[in-house]
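In the numbering used here, the protein residues as written are 363 to 923.
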């Protein structure tokens, strides 16, 4: 089952009769005003002071019929509940961001202390030379070593790939002082940011959950971007009243009580929102819009309209010069048509920033085939990214369809982006542009069209398990090995820790945490853990054995003058 949305052809305003144009404008205005009023009542707890329910209050206030009243009240409740959940998410992200910034501030303070000690040592040496006193004992601040040669004091810096020798004066003024200044400025910026974040957190915890209908950006623009207040007011009015969605009902014909569509004559009948009471009875008033056609998937819309107990929601959008009508409905498919069978295996996939890795397995979890689908979304617009990801999803589903096997992927709910501040710039850019939700939706939608099931599994440690267990053994990349682990997990297999690591631990969490610091190329060289009593010693020796100790480092005599 998935939600299908169709879009009608453009219904231009200059081709509509004055009456129909006025009716559509009134529906948009009254429906949105009633929704905004209902939301205001709910948010500011005015519901307790009402003598009637919120439905009756809105109905009497705007003289609406039952269906439009339900729309306004339900939309207001949904907006409020959505904003409450968003507020919780914002609070959680802010707390994580504050903790991460405080940790960054703590690291910066330690760095400032380190460079301040070096600066103090240089000052002590300079004072001793100036006053003709005996020099203090030279100290070693890794990787900086002070020594005297030919009655001059130098600082030797032993970096990883080279050794640089500084004159002490140049070392102090061109490196140490500037380093302390930069770190101090950065620390002050982080502390200022923490203060702003704490103020924002207090505001989120205490203030009511509000919404700005018509967008907050446009609301603020009245003070900055618009010279004429009347022009801003007109634009803000259009933004607040440009759409309305009339919910479907499964108890009425065609799945909607306010909209009826005659697909043979392309005639759309819409109910007016006002209450029309004649004596003890209520009657509804309707108007008709002609030439409303659906160029794409009209057959699916007709099927949904003619299906019993199938609600169809209609969205009316004002695009300025024309109107659009968009029906949304549930698209069901016979379960017998969808391939859920794992008898021949599955195709697992692992989503990454710039590619999707996939692997094919048989029914007992053996690797049969693998590959990657590359794409590039850097410096692309949102629309371009959507098209690129749709093409990638099409390629992945095509592979699964050719192999006649269902798909298996990670059940990723959300990727936290609250820890990006003051991190690695390239990594931050990749995470912020990682459109995992778009990829998952595109794959799911395409698989549904191709009658393929998609199984979602717990993503815990799939990358680490693949890296440790299968990358070297199968001769595949880390991402393909992660896709292989996902496929095996979808088949119901549990991964055991390799025998060579079982003397240290039987927990993947502990093993993954310790081996995560190893570079990927180091794992190809590991053949045995014999002779090691604990995992930390093994990891340390592995790093040292792969470090180029015997490589001769160039010595550079450096001066800023």
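Here a beta-carbon is modelled for each residue, glycine too, at the ideal position from N, C-alpha and C.
State the start and end residues of the unbroken alpha helix (DSSP H) segment that holds residue 489.
Indexing the chain shown from 1 puts residue 489 at position 127. From DSSP, the alpha helix (DSSP H) with residue 489 extends over 428-492.
Kindly indicate which residue of 383, 833, 483 and 760 has the alpha-carbon position closest to the one of residue 804.
For this step, residue 804 is matched to residue 442 along the chain shown. Checked all of 383, 833, 483 and 760; the closest Cα to residue 804 is 760.
Rounded C-beta distance between residue 651 and residue 373? I'm assuming under 8 angstroms.
On the chain shown, position 289 is the one that residue 651 refers to. On the chain shown, position 11 is the one that residue 373 refers to. That pair is a contact at about 6 angstroms.
Classify residue 371 as helix, strand or coil using the three-state DSSP reduction.
Sequence index remark: in the chain shown, residue 371 carries index 9 (1-based). Coil.
Rounded C-alpha distance that separates residue 549 from residue 657:
Here the question's residue 549 lines up with position 187 in the chain shown. Here the question's residue 657 lines up with position 295 in the chain shown. Cα to Cα, residue 549 sits roughly 59 angstroms from residue 657.
For the candidate residues 520, 765, 823 and 691, whose alpha-carbon lies nearest to that of residue 812?
For this step, residue 812 is matched to residue 450 along the chain shown. The shortest C-alpha separation from residue 812 is found at 765.
Expressed to the nearest angstrom, what Euclidean distance is found between the alpha-carbon atoms of residue 736 and residue 744?
Residue 736 sits at position 374 when you count from the first residue of the chain shown. Residue 744 sits at position 382 when you count from the first residue of the chain shown. Between residue 736 and residue 744, the C-alpha separation is close to 18 angstroms.
Could you pull out every residue in the same chain whose Cβ sits closer than 7 angstroms to the Cβ of residue 930, ignoring the five residues on either side in sequence?
Here the chain covers residues 363 to 923 and nothing more, so residue 930 does not appear.
DSSP puts residue 687 in a beta bridge; with which residues?
The residue labelled residue 687 in the question sits at position 325 within the chain shown. 678.
Considering residue 736, what are the terminal residues of the beta strand (DSSP E) in which it resides?
In the chain shown, the residue the question calls residue 736 occupies position 374. Per DSSP, residue 736 belongs to the beta strand (DSSP E) from 729-736.
Please name the residue or residues paired with residue 577 in a DSSP beta bridge.
In the chain shown, residue 577 corresponds to position 215, counting from 1. For residue 577, DSSP assigns no beta-bridge partner whatsoever.
Consult DSSP for residue 411 and reduce its assignment to one of helix, strand or coil.
The residue labelled residue 411 in the question sits at position 49 within the chain shown. The answer is helix: DSSP assigns residue 411 an H, G or I state.
Would you kindly work out how many angstroms separate the C-alpha atoms of residue 445 and residue 438, rounded to a whole number?
Counting from one through the chain shown, the residue named residue 445 turns up at place 83. Counting from one through the chain shown, the residue named residue 438 turns up at place 76. Distance between the alpha carbons of residue 445 and residue 438 is about 11 angstroms.
Residue 845 and residue 712 closer than 8 angstroms at C-beta
Taking the chain shown and counting its residues from 1, the one referred to as residue 845 is at position 483. Taking the chain shown and counting its residues from 1, the one referred to as residue 712 is at position 350. A contact, by the Cβ cut-off of 8 angstroms.
Local conformation of residue 621 per DSSP, three classes:
As a first step, residue 621 must be located in the chain shown, where it is residue number 259. It is a strand residue.
Give the secondary structure of residue 845 by DSSP, where H, G and I count as helix, E and B as strand, and everything else as coil.
Position 483 of the chain shown holds residue 845. Helix, per DSSP.
Who are the near neighbours of residue 365 in its chain, counting only those whose CB is closer than 8 angstroms to its CB and skipping five residues on each side?
For the purposes of this step, residue 365 is identified with residue 3 of the chain shown, where counting begins at 1. Hits under 8 angstroms: 690, 691, 692 and 693.
Measuring alpha carbon to alpha carbon, tell me which of 856, 476, 492 and 490 ends up nearest residue 502.
Reading the chain shown from its first residue, position 140 is the one you call residue 502. When only C-alpha atoms are compared, the closest one is 476.
In chain order, what residues of the same chain lie with their CB nearer than 8 angstroms to the CB of residue 460, ignoring the 5 residues before and after it?
The residue labelled residue 460 in the question sits at position 98 within the chain shown. Result list for residue 460: 556, 559, 560 and 563, in chain order.
Please state if the CB of residue 654 and the CB of residue 610 are separated by a distance shorter than 8 angstroms.
The residue you call residue 610 lines up with position 248 of the chain shown. The residue you call residue 654 lines up with position 292 of the chain shown. No, the Cβ-Cβ distance between residue 610 and residue 654 is not below 8 angstroms.
To the nearest angstrom, report how far apart residue 640 and residue 629 are at their CA atoms.
Mapped onto the chain shown, residue 640 falls at position 278. Mapped onto the chain shown, residue 629 falls at position 267. Residue confidence is low: residue 640 scores 49 on pLDDT, short of 50, so the model does not pin down where it sits. Its coordinate-derived value is still stated next. For residue 640 and residue 629, the distance between alpha carbons rounds to 27 angstroms.
Of the choices 468, 485, 392 and 828, whose alpha-carbon is the least far from that of residue 710?
Sequence index remark: in the chain shown, residue 710 carries index 348 (1-based). Among 468, 485, 392 and 828, the Cα nearest to that of residue 710 is on 828.
Cβ pair residue 623, residue 616 closer than 8 angstroms
Within the chain shown, residue 623 is the residue found at index 261, counting from 1. Within the chain shown, residue 616 is the residue found at index 254, counting from 1. It is a contact, given that the beta carbons lie within the stated cut-off.
Segments assigned beta strand (DSSP E), at least 3 residues, entirely inside the segment 829-907:
none
Closer than 6 angstroms by C-beta to residue 581: which residues in its own chain qualify, once you throw out the five before and the five after it? Chain order, please.
Here the question's residue 581 lines up with position 219 in the chain shown. So the list reads 574, once near-sequence residues are dropped.
Mapping the DSSP letters down to three states, classify residue 418 as helix, strand or coil.
The residue given as residue 418 occupies position 56 in the chain shown. The answer is helix: DSSP assigns residue 418 an H, G or I state.
Only counting runs of 3 or more residues, tell me where the beta strand (DSSP E) segments fall wholly within the segment 698-730, in order along the chain.
709-713 and 717-723
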